[in-house]
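Right, one structure below, let's go through it.
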Amino acid sequence: MAGVYIGIDIGATFLRAGLFTGDGRLVRKIKREFPREGFSEALKSLVIDIAGGRVDSVVAVGVGSIGPLDLLRGSVVNTPNAPIKNFEIARPIRELGLKVILANDAAASAWGEYVLGLGRGFDNILYITISTGLGGGVIVDGNLLVGKDGNAHEIGHIVVDYSSRVRCGCGGIGHWEGIASGANIPRSFAEYVKERGLCGDIGSWLCEELSAGRYPKPEDIFKHYYIGDPVASKYIDDYLMVINAAGIASAINVYDPEILILGGSVALNNREVFIRGIGRYLDKYLTVRRPKIVFTGFEDNVGIYGAAALAIRTPSTLAKYAEIWNKNG
Ligand SMILES: [Zn+2]
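Each residue of the sequence shown is one higher than the one before, counting from 200 in our numbering.
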């Protein structure tokens with residue numbers, strides 16, 4: 200098998216790997232839990248296994264990872280949600296004799312859409328993932344935005360509700376991710392309901408959970424929304440979607456994309472609610488011309504497609520780092 204590429208998606212919970220042909224066809228994939236220790240060894244064996252032991256046939260390995268990144272070192276530093284907080288990515292892959300290209304995971308996904316997905320034909324793309332975390336990747340005039348450490352476009356930390364008291368994983372308050380990501384919806388729901396005294400006399404399973412001291416999971420809140428729970432409706436229609444519209448509008452206002460591509464399980468599992476909810480509020484906050492809005496066609500493989508796209512066609516904005524990571528010795 201000649202000329203294959205590997206895409207690795209490093210999330211806080213799982214490591215995913217995909218083997219790709221040069222024209223971006225996914226041949227096979229592997230999903231493993233994030234290791235508790237020995238990250239370098241786990242990464243190496245993932246690369247060897249996805250290559251079927253044939254690392255000599257691999258042209259390059261692209262990696263999209265949770266951040267924050269230290270791009271010069273090719274490593275992750277103080278990541279908040281993974282079992283290991285600091286780990287190297289470029290060095291272990293380089294030790295296998297393979298070329299490596301690394302980017303933030305949402306930036307990689309944006310690049311994947313540009314090279315292989317629904318962003319083909321567009322030069323200005325905004326990719327937003329709403330999952331356990333919330334992040335974005337941006338392509339302006341065909342350039343993947345990188346920043347001094349690889350952390351440009353941290354749109355999850357846009358302030359969307361200055362009156363919120365829910366603290367984001369980064370420590371800030373009122374941040375979009377701190378309110379609307381899967382990990383934070385339970386706390387923001389609890390705060391919203393409590394602040395407004397919504398439970399009162401209303402019979403709601405969600406209220407029973409809250410009064411028992413349990414925070415309902417995002418999927419439970421959406422499930423009850425779909426069966427007409429008034430507390431879930433109020434939170435999702437009148438708050439969560441307003442927050443999402445404000446965050447999305449702020450990102451669109453800043454980057455002026457032709458197309459907005461949405462991914463991440465919270466958005467992908469609730470497409471109608473997002474389209475309707477965002478559609479209702481977006482124009483209120485938007486200053487630039489509204490872009491086309493779609494959901495990723497890669498579903499939950501978007502991370503490995505994005506990572507592979509980095510290897511198949513390296514963004515020019517990452518070229519100087521690629522040179523450092525792939526220096527011999
Ligand atoms: Zn934050």
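Even for Gly, the Cβ is constructed at its ideal location relative to N, Cα and C. Computed from a predicted structure; not experimentally measured.
In angstroms, rounded to a whole number, what distance separates the CA positions of residue i and residue j?
i: tyrosine 454; j: valine 337; result: 8 Å
i: valine 358; j: serine 330; result: 18 Å
i: threonine 486; j: asparagine 452; result: 6 Å
i: asparagine 236; j: valine 203; result: Correcting the residue type first, residue 236 is glutamate in the shown sequence and not asparagine. The straight-line gap from Cα to Cα measures roughly 29 Å.
i: glycine 368; j: alanine 379; result: 12 Å
i: arginine 489; j: methionine 440; result: 17 Å
i: lysine 526; j: glycine 478; result: 48 Å
i: glycine 377; j: leucine 242; result: 30 Å
i: glycine 402; j: valine 254; result: 59 Å
i: phenylalanine 473; j: glycine 252; result: 43 Å
i: serine 515; j: tyrosine 425; result: 45 Å
i: histidine 352; j: glycine 334; result: 8 Å
i: arginine 393; j: phenylalanine 321; result: Reading off the sequence, residue 393 comes out as lysine, not arginine. Going by the C-alpha atoms only, they are around 44 Å apart.
i: isoleucine 292; j: valine 260; result: 8 Å
i: arginine 366; j: proline 279; result: 13 Å
Skipping 5 residues on each side, what residues in its chain have a beta carbon closer than 8 Å to that of residue i?
i: arginine 272; result: Glu287, Ala289
i: asparagine 468; result: Glu418, Phe421
i: serine 410; result: Cys398
i: leucine 295; result: Lys243, Val246, Ile247, Val254
i: aspartate 482; result: Arg489
Rounded to the nearest angstrom, how far is the Cβ of residue i from that of residue j, given a contact under 8 Å?
i: threonine 513; j: isoleucine 300; result: 5 Å
i: tyrosine 520; j: glycine 206; result: With a Cβ gap of about 18 Å, tyrosine 520 and glycine 206 do not count as contacting.
i: isoleucine 372; j: arginine 364; result: 6 Å
Tell me which same chain residues have a C-beta within less than 6 Å of the C-beta of residue i, skipping the five on either side of it?
i: tyrosine 313; result: Ile324, Ile338
Who are the near neighbours of residue i in its chain, counting only those whose CB is closer than 7 Å to its CB and skipping five residues on each side?
i: aspartate 222; result: none
i: leucine 397; result: Val430, Lys433
i: isoleucine 442; result: Val359, Asp360, Trp375, Ile378, Ala379
i: glycine 316; result: Thr495, Gly496, Phe497, Tyr504
Just to confirm the assignment: which complete beta strand (DSSP E) runs, minimum length 3, are found wholly within the region 255-318?
257-264, 299-303
Chain-ordered list of residues that sit, by beta carbon, closer than 5 Å to a heavy atom of ligand 1:
His356, Cys367, Cys369, Gly371, His374
Enumerate, from N- to C-terminal direction, the unbroken alpha helix (DSSP H) stretches of 4 or more residues contained entirely within the region 325-382.
375-379
Enumerated in chain order, which unbroken segments of the alpha helix (DSSP H) with a length of 4 residues or greater are wholly contained in the region 440-478?
440-454, 464-467
Any chance you could list the alpha helix (DSSP H) runs of at least 4 consecutive residues sitting entirely within the region 395-444, in chain order?
404-410, 417-425, 429-434
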